[in-house]
Each structure stands twice: as structure tokens, then as C-alpha cells.
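Taken in order, the sequence shown gives residues 6 to 449; the numbers are from the working numbering. Glycine included, C-beta positions come from ideal geometry on N, C-alpha and C. Below: one structure, written as C-alpha cells.
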Amino acid sequence: MALQYGLLTLFFMAVLLTVVYVQAVLGQRHHLDRQIGLGAQRLAARWQQGGVDAVAEQIAQNLVDGVDSDSEVYLLQGADGARIAGNLAPGAGWRPTDDRIDSLQALRGATTARMRVLVRRLPGGQLLVVGRDLHDLRQVELAVGRATLAAGLVALLLVAVGAYLFRRDIEARVATIRRTAARIEAGELGQRIPGTDEADEFAGLGRDINRMLDRIEQLMDGVRHVSNTIAHNLRTPLARVLMGLRQAQRPGTPAAAVQAAAAQAVQEVEALTVVFDKLLQIAEAESGTRRHGFGPLALDDIATGVVELYDALAEAQGAVLTLQTDPSATVRGDRDLLASATANLIDNALKYAGQHGARAVVAVRVERRGGSARILVRDNGPGIAAADRGRIGTRFHRLPGAVPGFGLGLASAMAIVRLHGGQVLLEDAAPGLLAVIELPCLEA
Numbered sequence: 006m007a008l009q010y011g012l013l014t015l016f017f018m019a020v021l022l023t024v025v026y027v028q029a030v031l032g033q034r035h036h037l038d039r040q041i042g043l044g045a046q047r048l049a050a051r052w053q054q055g056g057v058d059a060v061a062e063q064i065a066q067n068l069v070d071g072v073d074s075d076s077e078v079y080l081l082q083g084a085d086g087a088r089i090a091g092n093l094a095p096g097a098g099w100r101p102t103d104d105r106i107d108s109l110q111a112l113r114g115a116t117t118a119r120m121r122v123l124v125r126r127l128p129g130g131q132l133l134v135v136g137r138d139l140h141d142l143r144q145v146e147l148a149v150g151r152a153t154l155a156a157g158l159v160a161l162l163l164v165a166v167g168a169y170l171f172r173r174d175i176e177a178r179v180a181t182i183r184r185t186a187a188r189i190e191a192g193e194l195g196q197r198i199p200g201t202d203e204a205d206e207f208a209g210l211g212r213d214i215n216r217m218l219d220r221i222e223q224l225m226d227g228v229r230h231v232s233n234t235i236a237h238n239l240r241t242p243l244a245r246v247l248m249g250l251r252q253a254q255r256p257g258t259p260a261a262a263v264q265a266a267a268a269q270a271v272q273e274v275e276a277l278t279v280v281f282d283k284l285l286q287i288a289e290a291e292s293g294t295r296r297h298g299f300g301p302l303a304l305d306d307i308a309t310g311v312v313e314l315y316d317a318l319a320e321a322q323g324a325v326l327t328l329q330t331d332p333s334a335t336v337r338g339d340r341d342l343l344a345s346a347t348a349n350l351i352d353n354a355l356k357y358a359g360q361h362g363a364r365a366v367v368a369v370r371v372e373r374r375g376g377s378a379r380i381l382v383r384d385n386g387p388g389i390a391a392a393d394r395g396r397i398g399t400r401f402h403r404l405p406g407a408v409p410g411f412g413l414g415l416a417s418a419m420a421i422v423r424l425h426g427g428q429v430l431l432e433d434a435a436p437g438l439l440a441v442i443e444l445p446c447l448e449a
């Protein structure tokens, strides 16, 4: 890649230097032609004033005045072909150029020189030749060419050194990333790409990769934790099922005992089915596969549906379940998933609401605050200590004294909310707990 950039830079430098060279040479030639044209006009004006003698006198003066005398060429040739004035050899080869300036070789003194000339025929039949020797122009062209070549060589050297240093820096940075990747591949998941103080693309890439590795390590830790927890939490119910079925298989076991064992086994398996359903829901939310089905949603519709679903349960428990809505709280998401997350929060609130004999109260409110749409679930239960809130939402994590369960409800709700680009906040309601689903609001 460094070689390609170097060649591209050389190409543009060559084009630039070529343009500079051509412009310099053409500019000098244009200036020379302009001087020739002005000189011819002045001599034509002298002829109008004093005839051939005045032109001859002006030519003689121009050749000795010291202003470009070494490069000026003139010839005033009579109708008979004889030279009247000037420093060019007369001859029959001179022809009028109709105000066109041509480059040619002619005899100047004792030598043949390359020059640019303008040839005009005067009204009296004489030929007037005005021009400039190209020796000085060739010297300028050579000087510009040497300067251009020197600049090109310096540019080539700088590009070569720059390409080498650029390539060496890239190889060193890439080698660091590759070494880290090799160590991670070998199983050292805690390895990270060393940070630098430079604010370049490689530093940004290193930070992005490190964030990705942090997330991968977090997911791997989660997988290990889930695997260990599943093995620990499922062993007890499966052992109970196995023990009950074995007891039912014993000879002489009463039919009622067999029925009871079968019913207990069904209950345990149904509970395990719920666990696996929750785990699948969490995995599905974390994978992001449901995001393609997102659409505009009104949170008050979702909250109303879930509250109506739990009204009967709250009434059976003697709890008060209230709802306050806000139709402006709209989001983009999946209705079923957000309803499930809201149901988890309300279900937990109903489980823990009420303490010291007080009547259980759960208040659900939908609101829009700034750029966020929120569902707030407040209960008057014991709440959660600030030190324990950081672990809430970890799969299978349950607080001491918690009601029976597997610790997957809040984990599922948080995974669903993260899928929607939001967060679940847990705050002290004094008394009780305030759980908030906060989502990016859908702008109108």
C-alpha cells in the first residue's frame, strides 16, 4: 500500500513539474513573440514618419543601444535584394509571413543561428525582418529543465524515504495488532492492543478492537456463568423429578402416590421449560435478530395492555395497580418484546409490593422526557439496597430473601431494552423500588 501511494505521489509530482516546465517555457516564448511584434510595429511607424532612411536609422540605433542588442536580429532588404540595414544576411529566401512569427535558422554575421522572426513587406517594396535569437531562450529552457529535474529528483528521494518510513510504521502497528490477535487466538482472552497517545486511524482501530474484545470477553464470561448456573440450578429440580419417579416405580406404591409423583414431575418440567424460554428470549434479544421487525409504537398502548393483563392478579392479591399514560411517548421497536419487558417489571413489583402489613401498591406511568420515552413502575415494597443494584439483571442472580424463582425476569427485560437502544434504571422510591424502562423517543 505504501508503494502504491508513493507511485501515485510521484505521478502527480511528475505532472506538476511538467506543467511548471511547459508554462515557464511557453511564457518566455510568448514574451519573446510579443517583443518581436512590438518591434515590428515601431519600425512600421518609423517608415510612416520618414521612409526607408528612418527605418534604417532606427535599426542601426537598436543594434547599438545595449538593450537586448546581443539577441535582436534585423534586416531591411531593398527590392533589389541588397541589405540596407540590419545584422542578418540578405537573400532571396526571405518571404513575408503575414504577421506570423516563425522559428527558423538564418545566417547572422558569420554564424548560423536559430531565431524567431516576423517578415513584412513595406509599402515601398522593401522587406523588413524583425526577430530574436533563440540562444537566450534555450538557456532559459535548459535552466528551467535542470531546476525541474533537480526538483523531481528531490521529490523522488522524499517520496522514497516517506514511503519507507510510512510502510515501516504501518508494519509495526499492524504487527502489534497481529501479535495481540495471535495471543487471543491462543486463549489469552484478556489481552488487549496497547494504547497510544496518537490520534490517528490505527489508534482508533485499536480502541474499537479493544471494545469489541471487552464485549466478547463479557459475553464469554456470561456464557461460562450461565453454563455453571444452569448446571447448578437445574440439578436440584431434575434430582427431585428423578427421585419422585423412582419412588413411584417401587413395587406396592399406592396409586395416589404415583399420581402425586407424576404431577410433581410435570410441575418441575414446566418450570424448567419457563427457564429455557427465558434463556432463549435473552439470547434472541442479545443477538439482535428481532431488530429487523421494528416499527413505530406507542408506549401507552403497550402499558395499557400489560396492566389490563395483570389487573386480575393484582385484585386477587389485594394489591392496587394504577396506570398513567402519555400518548406522546412513542418509540421504534417490537411490541411483543417491549410488552414482555414491561410485564417482567410489573410482575416483580407485584411480588414484592407491600411491607409491614401495608397494602401493596404498584403505580405504572408512561411519560416523555426530553428525547426519551419512559415506562416507570413504582412499588411500595422493601426496595433494593444501592450496593445490590449493580448485580441486578445478571442471569440467575437472586437477592437473599427473594421470592422463589430463577433470577431471569430482570435479565430478560434488560436484554430486550438494550436491543431497543435503551436502558433499565433502578432507583430508590422511598419506600420501595422505582424501575424505569428508558428508550430513545421516536421523533414526529
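Three-way DSSP call (helix, strand, coil) for E190 in this model: Position 185 of the sequence shown, counting from 1, holds the residue named residue 190. Helix.
Element boundaries [beta strand (DSSP E), containing L89]: By 1-based counting over the sequence shown, the position of residue 89 is 84. Correcting the residue identity first, residue 89 is Ile in this sequence and not Leu. Run containing I89: 88-91, per the beta strand (DSSP E) assignment.
Host alpha helix (DSSP H) of I442 (start-end): Taking the sequence shown and counting its residues from 1, the one referred to as residue 442 is at position 437. Element bounds for I442: not the alpha helix (DSSP H) but the beta strand (DSSP E), 438-445.
Straight-line Cα distance separating Q144 from L132: In the sequence shown, residue 132 corresponds to position 127, counting from 1. In the sequence shown, residue 144 corresponds to position 139, counting from 1. Answer to the nearest angstrom: the Cα atoms are 30 Å apart.
Three-state secondary structure assigned by DSSP to D300: For the purposes of this step, residue 300 is taken as the residue at position 295 of the sequence shown. With the sequence shown as reference, residue 300 is identified as Gly, and Asp is not the correct amino acid for it. Strand.
Extent of the continuous alpha helix (DSSP H) to which I351 belongs: Against the sequence shown, residue 351 aligns to sequence position 346. Here the alpha helix (DSSP H) through I351 covers 340-357.
Cutoff 8 Å; reference P101; Cβ partners in own chain excluding five residues on either side: Taking the sequence shown and counting its residues from 1, one reaches residue 101 at position 96. V124, R125, R126, L132, listed in sequence order.
Spatial neighbours of L355 in its chain, beta-carbon cut-off 8 Å, leaving aside the 5 residues before and after: Within the sequence shown, residue 355 is the residue found at index 350, counting from 1. Y315, L318, A319, Q322, A324, L326, A365, V367, D384.
For G386 and A358, believed in contact at Cβ under 8 Å, the rounded distance: On the sequence shown, residue 358 is found 353 positions in, with the first residue counted as 1. On the sequence shown, residue 386 is found 381 positions in, with the first residue counted as 1. Right, their Cβ atoms sit about 5 Å apart.
Through-space distance from Q264 to T258, alpha-carbon basis: Locating residue 258 in the sequence shown gives position 253, counting from the first residue. Locating residue 264 in the sequence shown gives position 259, counting from the first residue. Looking at the two C-alpha atoms, the distance is approximately 10 Å.
Those residues which DSSP pairs with T23 across a bridge: The residue given as residue 23 occupies position 18 in the sequence shown. Partner(s): none; T23 has no beta bridge.
Cβ-based burial, H425 [other Cβ within 10 Å; buried from 16]: Within the sequence shown, numbered from 1, the residue matching residue 425 stands at position 420. Classification for H425: buried.
Cβ pair R370, Q329 closer than 8 Å: Residue 370 sits at position 365 when you count from the first residue of the sequence shown. Residue 329 sits at position 324 when you count from the first residue of the sequence shown. For R370 and Q329, yes; Cβs fall inside 8 Å.
Presumed contact (8 Å Cβ cut-off) between L139 and R113, rounded CB distance: Within the sequence shown, numbered from 1, the residue matching residue 139 stands at position 134. Within the sequence shown, numbered from 1, the residue matching residue 113 stands at position 108. No, L139 and R113 are not in contact; Cβ-Cβ is about 11 Å, not under 8 Å.
Outcome for E273 when other beta-carbon atoms lying within 10 angstroms are tallied against a minimum of 16: Translated into the one-based positions of the sequence shown, residue 273 becomes position 268. When all chains shown are included, E273 counts as buried.
Under the three-state DSSP convention, the category L224 falls into: One-based indexing of the sequence shown puts residue 224 at position 219. DSSP places L224 in helix when its eight states are reduced to three.
Complete alpha helix (DSSP H) runs within the region 18-75 (minimum length 4 residues, chain order): none
Option in R105, L218, L447 with minimal Cα separation from G300: Working through the sequence shown from its first residue, we reach residue 300 at position 295. Checked all of R105, L218, L447; the closest Cα to G300 is L447.
Those residues which DSSP pairs with A111 across a bridge: For the purposes of this step, residue 111 is taken as residue 106 along the sequence shown, with counting starting at 1. Looking at the DSSP assignment, A111 forms a beta bridge with A118.
Expected contact under 8 Å - CB spacing of R105 and I41 to nearest Å: Locating residue 105 in the sequence shown gives position 100, counting from the first residue. Locating residue 41 in the sequence shown gives position 36, counting from the first residue. Actually they are not in contact, since the Cβ atoms of R105 and I41 sit about 11 Å apart, beyond 8 Å.
For G83, the first and last residue of its enclosing beta strand (DSSP E): Numbered from its first residue, the sequence shown carries residue 83 at position 78. No beta strand (DSSP E) holds G83; DSSP gives it neither H nor E.
Opposing strand residues paired with T327 [DSSP bridges]: Position 322 of the sequence shown, counted from the first residue, corresponds to residue 327. In the DSSP output, where bridge partners are listed per residue, T327 has A368.
CA nearest to the CA of G86, picked from L350, V134, R245, V228: Mapped onto the sequence shown, residue 86 falls at position 81. Closest option to G86, Cα to Cα, is V134.
Per-residue DSSP class, three states only, for E206: Reading the sequence shown from its first residue, position 201 is the one you call residue 206. Residue state, collapsed to three classes: helix.
Buried/exposed call for Q110, threshold 16 Cβ in 10 Å: As a first step, residue 110 is located in the sequence shown; it is residue number 105 there, counting from the start. Label assigned to Q110: exposed.
The region 214-227 contacting the region 239-246, beta-carbon criterion three pairs below 8 Å: no
Buried/exposed call for M2, threshold 16 Cβ in 10 Å: The structure shown does not extend to residue 2, since the chain is modelled only from 6 to 449, so the question has no answer here.
Exposed unless 16 or more other CB atoms sit within 10 angstroms - verdict on D70: Numbered from its first residue, the sequence shown carries residue 70 at position 65. The residue is exposed, with fewer than 16 neighbouring Cβ atoms inside 10 Å.
Selected residue, minimal CA-CA separation from G96, among S108, G83, A204: Start at 1 with the first residue of the sequence shown, and residue 96 comes out as number 91. The shortest Cα separation from G96 among S108, G83, A204 belongs to G83.
Rounded C-alpha distance that separates L37 from V78: For the purposes of this step, residue 37 is taken as residue 32 along the sequence shown, with counting starting at 1. For the purposes of this step, residue 78 is taken as residue 73 along the sequence shown, with counting starting at 1. Cα-Cα distance, rounded: 12 Å.
At least 3 beta-carbon pairs within less than 8 Å: the region 22-34 vs the region 164-171: no
Cβ-Cβ distance between A379 and I307 below 8 Å: Residue numbering aside, residue 379 sits at position 374 when the sequence shown is read from its first letter. Residue numbering aside, residue 307 sits at position 302 when the sequence shown is read from its first letter. The question names Ala, yet the displayed sequence has Arg at residue 379. No, the Cβ-Cβ distance between R379 and I307 is not below 8 Å.
Separation of L162 from R51, as counted between CA atoms: Position 46 of the sequence shown, counting from 1, holds the residue named residue 51. Position 157 of the sequence shown, counting from 1, holds the residue named residue 162. Answer to the nearest angstrom: the Cα atoms are 57 Å apart.
Short Cβ contact (8 Å threshold) for P445 with V311: Taking the sequence shown and counting its residues from 1, one reaches residue 445 at position 440. Taking the sequence shown and counting its residues from 1, one reaches residue 311 at position 306. No.
Cutoff 8 Å; reference L194; Cβ partners in own chain excluding five residues on either side: By 1-based counting over the sequence shown, the position of residue 194 is 189. Taken in chain order, the residues that qualify are L218, I221, E222, M225.
Backbone CA spacing between V20 and G150 [nearest angstrom]: Indexing the sequence shown from 1 puts residue 20 at position 15. Indexing the sequence shown from 1 puts residue 150 at position 145. About 14 Å.
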